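Chains as they are written, first to last, in this note's numbering: chain U, 13 to 193; chain H, 161 to 343.
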């Protein structure tokens, strides 16, 4: 028991142990609610909600009416859960960043490569996030909704997507890191 | 309502596992593309082996049916993945890990992450009619799985994937398939 408690308090688990936990969550999702995990859809639901409130005419299209109807969906609940899961995880290891000085830009490797300026981190992360959400739409899901959820059902889509992730990610990393790759 | 609560609890465990695996760190994400730290791959493949074994076993026993399988349309899945990899290497997160990292209190996950996802969702949603149907129409195999598509035994497919994963884990951990970080 003490061993388990000590392990939970660790900042970083073996990826194999954490992976087993995620695998069980994937099974539980299908078993308990006949649904798949997926994070990217939630942002589309919320974007639709905001869009319909601000510019109803522009957001009156097929996508926001039928494909991804706006609202607080099950997907939004999942993302809220993920948020608190991350919070609990960091709390158990005493690594919460709320109110800490480096909360805005905390990764040492990032600072080594790009420098310590927060605006740079935020600008690049913002651009990256736009790209991620758009790409998830094209692909039919993100890392959770397609790679994990599709992969566990053995959908070819998931493995095409994972291949694509490396095809896109490796040259980008090469470009950013150059000689430091 | 029950579904909302179940999903919320699932999300908590999901976010917790992302945090404990270290996936809410920029360096873990970028380093998988540099082959200097394969944590992300080990984490994902372990999760896949566990979940596919469990799900195919449970379906074999008649205890569950599969939900709607994510659709396979080769060009869209692949090209979407390439663009996704580009975005991931820039920001160092994906929608799921960003939500978990935001919960930890990382403001570079919470603010530019949330705003970026919303902007991306608007761009995608407003251009949907002109972009998606055309891409999804190319080489579309529908909501299919590999065993169904190629007439394979599900049991053997899962076994093969598990063995392949174990081989890969062995090569990464013991046979130097992970590059050393330069000083």
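Glycine included, each C-beta is placed from N, C-alpha and C at the ideal position.
Quantities reported herein were computed from a predicted structural model and do not represent experimental measurements.
* How many angstroms separate the CA atom of residue 68/U from the CA atom of residue 141/U? -> To locate residue 68/U, count along the first chain from 1; it is residue 56. To locate residue 141/U, count along the first chain from 1; it is residue 129. In a straight line, the C-alpha of residue 68/U is about 24 angstroms away from that of residue 141/U.
* So, do the segment 170–182 of chain H and the segment 254–262 of chain H have three or more beta carbon pairs nearer to each other than 8 angstroms? -> yes
* Would you mind telling me which residues of chain H sit closer than 7 angstroms to residue 117/U, beta carbon to beta carbon, in chain order? => Position 105 of the first chain, counted from the first residue, corresponds to residue 117/U. The contacting residues are 268.
* Asked: What is the DSSP secondary structure of residue 330/H, reduced to helix, strand or coil?
  -> Here residue 330/H corresponds to residue number 170 of the second chain, with the count starting at 1. DSSP places residue 330/H in helix when its eight states are reduced to three.
* To do: Could you confirm whether any beta carbon from chain H is found closer than 9 angstroms to the beta carbon of residue 139/U?
  => For the purposes of this step, residue 139/U is identified with residue 127 of the first chain, where counting begins at 1. Yes, residue 139/U lies at the interface with chain H (some Cβ there is under 9 angstroms from its Cβ).
* To do: Note the first and the last residue of the continuous beta strand (DSSP E) segment covering residue 302/H.
  => For the purposes of this step, residue 302/H is taken as residue 142 along the second chain, with counting starting at 1. 300–302 is the span of the beta strand (DSSP E), which, as asked, contains residue 302/H.
* Near residue 83/U, which residues of its chain fall below 7 angstroms by C-beta distance, leaving aside the five closest residues on each side in sequence? -> Against the first chain, residue 83/U aligns to sequence position 71. Only 57 and 61 meet the Cβ criterion.
* Asked: Going along the segment 169–194 of chain H in order, which residues come within less than 7 angstroms of chain U, judged by CB to CB distance?
  -> 169, 170, 171, 172, 173, 174, 175, 176, 177, 178, 179, 180, 181, 182, 184, 185, 186, 187, 190, 193 and 194
* To do: Pull up the CB-CB distance for residue 35/U and residue 239/H, whole angstroms please, since I reckon it's below 8 angstroms.
  => Taking the first residue of the first chain as 1, we reach residue 35/U at position 23. Taking the first residue of the second chain as 1, we reach residue 239/H at position 79. 28 angstroms between Cβ atoms; not a contact.
* Asked: For residue 145/U, is the classification buried or exposed, using 16 other Cβ atoms within 10 angstroms of its Cβ as the cut-off for buried?
  -> In the first chain, residue 145/U corresponds to position 133, counting from 1. Result: buried.
* Alpha-carbon to alpha-carbon, residue 85/U and residue 312/H -> As a working note, residue 312/H is residue 152 in the second chain. As a working note, residue 85/U is residue 73 in the first chain. Their backbone Cα atoms lie some 36 angstroms apart in a straight line.
* **Reference residue 339/H; option with closest CA among 173/H, 315/H and 194/H** => By 1-based counting over the second chain, the position of residue 339/H is 179. Looking at the Cα atoms, 194/H is the closest of the given residues.
* Selection of the segment 201–216 of chain H by Cβ proximity to chain U, strictly under 9 angstroms -> 201, 202, 203, 204, 205, 206, 207, 208, 209, 210, 211, 212, 213, 214, 215 and 216
* To do: Report yes or no: is there a C-beta of chain H within less than 9 angstroms of the C-beta of residue 65/U?
  => As a working mapping, residue 65/U is identified with position 53 in the first chain. Residue 65/U does not count as touching chain H.
* To do: For residue 169/U, return the contacting residues in chain H, with the cut-off set at a CB-CB distance below 7 angstroms.
  => On the first chain, position 157 is the one that residue 169/U refers to. Neighbours of residue 169/U on chain H, chain order: 230, 231, 232 and 237.
* Asked: Hey, residue 231/H and residue 55/U are a contact pair by Cβ (cut 8 angstroms); roughly how many whole angstroms apart?
  -> Within the second chain, numbered from 1, the residue matching residue 231/H stands at position 71. Within the first chain, numbered from 1, the residue matching residue 55/U stands at position 43. Rounded, the Cβ-Cβ distance is 20 angstroms, inconsistent with contact.
* In angstroms with no decimal places, state the Cα-to-Cα distance between residue 7/U and residue 329/H. => Because chain U in this structure spans residues 13 to 193, residue 7/U falls outside the shown range and cannot be described.
* Note down, in chain order, every chain U residue with its Cβ under 8 angstroms from the Cβ of residue 298/H. => For this step, residue 298/H is matched to residue 138 along the second chain. What residue 298/H touches in chain U: nothing, since even the nearest Cβ is about 12 angstroms away.
* Alpha carbon to alpha carbon, what distance is there between residue 275/H and residue 241/H? -> Counting from one through the second chain, the residue named residue 241/H turns up at place 81. Counting from one through the second chain, the residue named residue 275/H turns up at place 115. If you take the alpha carbons of residue 241/H and residue 275/H, they lie about 21 angstroms apart.
* Is the CB of residue 89/U under 9 angstroms away from at least one CB in chain H? -> Against the first chain, residue 89/U aligns to sequence position 77. Yes, its Cβ sits closer than 9 angstroms to a Cβ of chain H.
* If we ignore side chains and look at the alpha-carbon of each, how far apart do residue 108/U and residue 300/H end up? -> Here residue 108/U refers to the residue found at position 96 when the first chain is read from its first residue. Here residue 300/H refers to the residue found at position 140 when the second chain is read from its first residue. Distance between the alpha carbons of residue 108/U and residue 300/H is about 44 angstroms.
* Smallest Cα separation from residue 336/H: which of 197/H, 171/H, 222/H and 217/H? -> On the second chain, residue 336/H is found 176 positions in, with the first residue counted as 1. Out of 197/H, 171/H, 222/H and 217/H, 197/H has the C-alpha closest to the C-alpha of residue 336/H.
* Can you give the Cα-Cα distance for residue 28/U and residue 205/H, rounded to whole angstroms? -> Stepping through the first chain from its first residue, residue 28/U is reached at position 16. Stepping through the second chain from its first residue, residue 205/H is reached at position 45. Spanning the two alpha carbons is a distance of roughly 9 angstroms.
* Taking the C-alpha atoms as reference points, what is the distance between residue 191/H and residue 309/H? -> On the second chain, position 31 is the one that residue 191/H refers to. On the second chain, position 149 is the one that residue 309/H refers to. So the two alpha carbons sit approximately 34 angstroms from each other.
* Asked: Should the segment 160–167 of chain U be regarded as contacting the segment 283–297 of chain H, the criterion being three or more beta carbon pairs within less than 8 angstroms?
  -> No, because fewer than three Cβ pairs between the segment 160–167 of chain U and the segment 283–297 of chain H fall closer than 8 angstroms, the two stretches do not touch.
* To do: Mind listing the chain U neighbours of residue 334/H? Cutoff is C-beta to C-beta under 7 angstroms, in chain order.
  => As a first step, residue 334/H must be located in the second chain, where it is residue number 174. In chain order: nothing, as chain U lies at least about 14 angstroms away.
* How is the alpha helix (DSSP H) around residue 119/H delimited, first residue to last? -> Summary: the structure shown does not reach residue 119/H, with chain H confined to residues 161 through 343, and so no result is reported for it.
* Asked: Between 23/U, 44/U and 14/U, which lies nearest to residue 103/U when the distance is taken from Cα to Cα?
  -> Translated into positions along the first chain, residue 103/U becomes position 91. Looking at the Cα atoms, 23/U is the closest of the given residues.
* **Inter-stretch contact at 8 angstroms, needing at least 3 Cβ pairs: the segment 200–217 of chain H / the segment 128–136 of chain U** => no
* Asked: Whole alpha helix (DSSP H) runs in the segment 210–297 of chain H with 4 or more residues, listed along the chain?
  -> 234–251, 255–264 and 267–297
* To do: Can you tell me the Cβ-Cβ gap for residue 209/H and residue 321/H, rounded? I've got them flagged as a contact below 8 angstroms.
  => Here residue 209/H refers to the residue found at position 49 of the second chain. Here residue 321/H refers to the residue found at position 161 of the second chain. Indeed, because the Cβ distance is near 7 angstroms, the residues count as touching under 8 angstroms.
* Asked: What are the boundary residues of the alpha helix (DSSP H) that includes residue 193/H?
  -> Position 33 of the second chain, counting from 1, holds the residue named residue 193/H. Counted as a single uninterrupted DSSP element, the alpha helix (DSSP H) harbouring residue 193/H occupies residues 186–194.
* Asked: Hey, quick one: how far does the alpha helix (DSSP H) through residue 305/H stretch, first residue to last?
  -> Translated into the one-based positions of the second chain, residue 305/H becomes position 145. Per DSSP, residue 305/H belongs to no alpha helix (DSSP H) and is neither H nor E.
* Using a cut-off of 8 angstroms between C-beta atoms, extract the partners of residue 330/H located in chain U. => Translated into positions along the second chain, residue 330/H becomes position 170. Those do not exist, as residue 330/H stays about 12 angstroms from chain U at its closest Cβ, beyond 8 angstroms.
* **Closest Cα partner of residue 172/U within the set 151/U, 116/U and 17/U** => Here the question's residue 172/U lines up with position 160 in the first chain. The shortest C-alpha separation from residue 172/U is found at 151/U.
* residue 188/U beta carbon less than 9 angstroms from that of residue 125/U -> For the purposes of this step, residue 125/U is taken as residue 113 along the first chain, with counting starting at 1. For the purposes of this step, residue 188/U is taken as residue 176 along the first chain, with counting starting at 1. The answer is yes: Cβ separation under 9 angstroms.
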